[in-house]
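Asks: After the structure tokens below, expect a handful of questions from me.
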Amino acid sequence: MSDTGWHHPDQPNDPSQQHQPNMPPPPSWQAPQQPGVVPLRPLSLTEIIDAAVKTMRSYPAVMLGVAAIVVTISTIISYPTQASITNTANDLSPDATGEEVMDAIGPSLTGAGIAMVVGLVASAFLTGFLTTVVGKAVLGRPARFGEVWAEVKPQLGRLVGLALLPIIPMFGLALIVGLVAVVAAPLLLIVGPAAFVVAIWLYVLYFALAAPALVLERCGVIESIKRSRALVQKSWWRVFGILLLALILVTVIASIIQIPFGLAGGGASMFSGEPGEITFFGIVVGTIGAIIAGTITEPFRAAVTALIYTDQRMRREGLDIELARNAGTQPPQQ
């Protein structure tokens, strides 16, 4: 988005005015203003959380509306499949062999595979779409569906590819843990937690801010991973801490929303005379609860991630100066 100031720092709009990291702004600039949901300066934790909520309130149609549509489609496909697998597993005998288990749940696994693909594409689209909206919200600009979609559409394939990439190192770590479990089971108590820590470290460093970089800088998958590393490597704990807090908030909010629906579905199961079975009513109620929770939490999660990316670039690359210029803030003449 070079026209809005989100370009890669190595490709400035105006090289003669490019602000260098860790240096004061040119003397003609006055204090940063706030054209959008955040002040154009490095942000505090509370400002990031507040701006995420403010973005959802300021752009409800494209944040909550689009999220509701995408989450509804994804959940309607995935939730019944999960319920089917759960019911089938409950009906199996405790003494069932591996072959009997696979014969029973095999048909459901096909549906689970389709649901996983749909969920991956939906997540990639939603991440790109919501990140683009946040980019406009930072500058105080309108975000209409057609305009946002036109910007996200060419990048959807790269977003899906980026979503798939973390699976590779995680699979490698899981394979190592599995081999240790077979060869030297006692070491699993050490290797297991160590692999978990390494997985978190790798994900936060290389992938936490890759999606915002890909969308807002319009770069490739590999370049977006490099950009994430460049922005996170000296601020790993800060980025991790904010993401962890956002995850806790999202989990709590989703749980509060889904508890009543879960109780209603569980009650229906008890009255059906088959406790443990997920009834059709339970599937419908659970799906509604998951849709409502996802509609609220997905935009918040995406907004927090995009705002962390914005904050890191303002701290390390002087992005606030470039955004102020592109938002229409003119430096006073001296």
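Add 1369 to a position in the sequence shown, counting from 1, and you land on the number used in our numbering. The C-beta atom is built at its ideal place from N, Cα and C for all residues, glycine as well. Small disclaimer: the values here were computed from a predicted structure and weren't measured.
Using a Cβ-Cβ cutoff of less than 6 Å, which residues in the same chain neighbour residue 1593 once the five nearest sequence positions on both sides are dropped?
Replies: Result list for residue 1593: 1579, 1582, 1583, in chain order.
Asks: Which of the three DSSP states is assigned to residue 1423 in this structure?
Replies: Residue 1423: helix per DSSP, three-state reduction.
Asks: Compare the beta carbon distance of residue 1507 and residue 1679 with 8 Å and say whether it is the shorter of the two.
Replies: Taking 8 Å as the Cβ cut-off, residue 1507 and residue 1679 qualify as a contacting pair.
Asks: Contact defined as beta carbons within less than 8 Å: I believe residue 1529 pairs with residue 1566. What is the distance between those atoms, to the nearest angstrom?
Replies: At roughly 28 Å, the Cβ-Cβ gap does not stay under 8 Å, so residue 1529 and residue 1566 are not in contact.
Asks: For residue 1676, which option in 1516, 1586, 1414 has the closest C-alpha, if you only look at C-alpha atoms?
Replies: Residue 1414 is the option with its Cα nearest to residue 1676.
Asks: Can you name, in chain order, every residue of its own chain whose Cβ lies under 8 Å from the Cβ of residue 1597, other than the five neighbours on each side?
Replies: For residue 1597, where only same-chain residues beyond five positions count, the Cβ hits under 8 Å are 1574, 1575, 1576, 1577, 1578, 1579, 1582.
Asks: If you follow the alpha helix (DSSP H) that residue 1671 is part of, which residue opens it and which one closes it?
Replies: Counting along the chain, the alpha helix (DSSP H) containing residue 1671 begins and ends at 1649-1686.
Asks: Going by DSSP in three states, residue 1581 sits in which element: helix, strand or coil?
Replies: Residue 1581 falls in the helix class under three-state DSSP.
Asks: Please report the straight-line C-alpha distance between residue 1623 and residue 1629, rounded to a whole angstrom.
Replies: The alpha-carbon atoms of residue 1623 and residue 1629 are separated by roughly 11 Å.
Asks: Give me the Cα-Cα distance between residue 1398 and residue 1411, rounded to the nearest whole angstrom.
Replies: At residue 1398, the pLDDT of 47 sits below 50, so the modelled position is not reliable; the number obtained from the coordinates is stated separately. When rounded, the distance between both Cα atoms is 16 Å.
Asks: For the candidate residues 1665, 1511, 1652, whose alpha-carbon lies nearest to that of residue 1616?
Replies: Residue 1665 is the option with its Cα nearest to residue 1616.
Asks: Suppose the cutoff is 6 Å on Cβ atoms and the five residues either side in sequence are ignored; what does the same chain contact list for residue 1672 look like?
Replies: Excluding residues within five positions, the ones whose Cβ falls inside 6 Å are 1421, 1424, 1503.
Asks: Of the residues 1670, 1589, 1656, 1620, which one's Cα is nearest the Cα of residue 1778?
Replies: Because the chain spans 1370 through 1703 in this model, residue 1778 falls outside it and cannot be assessed.
Asks: Below 8 Å CB to CB, which residues in the same chain sit around residue 1557 once its five sequence neighbours on both sides are set aside?
Replies: Excluding residues within five positions, the ones whose Cβ falls inside 8 Å are 1546, 1549, 1550.
Asks: What does a CB cutoff of less than 7 Å around residue 1654 pick up in its chain, not counting 5 residues either side in sequence?
Replies: Cβ neighbours of residue 1654 beyond the five flanking positions: 1630, 1633, 1634.
Asks: What is the residue span of the alpha helix (DSSP H) that residue 1428 lies within?
Replies: Where residue 1428 is concerned, there is no enclosing alpha helix (DSSP H), given that its DSSP letter is neither H nor E.
Asks: I need the straight-line Cα distance from residue 1378 to residue 1689, nearest angstrom please.
Replies: Straight-line Cα distance between these residues: approximately 12 Å.
Asks: Might you give, ordered along the chain, the residues of its own chain that have their beta carbon closer than 7 Å to the beta carbon of residue 1585, omitting 5 neighbours on each side?
Replies: Excluding sequence neighbours, residue 1585 sits near 1370, 1375, 1500, 1504.
Asks: Could you spell out where the alpha helix (DSSP H) holding residue 1562 opens and where it closes?
Replies: Its alpha helix (DSSP H) spans residues 1557-1575.
Asks: Grab the span of the alpha helix (DSSP H) containing residue 1603 for me, first residue to last.
Replies: Unbroken run through residue 1603: none, as it is neither H nor E.
Asks: What residue range is occupied by the uninterrupted alpha helix (DSSP H) comprising residue 1538?
Replies: Element bounds for residue 1538: 1536-1552.
Asks: Assign residue 1375 to one of three DSSP states: helix, strand, or coil.
Replies: DSSP places residue 1375 in coil when its eight states are reduced to three.
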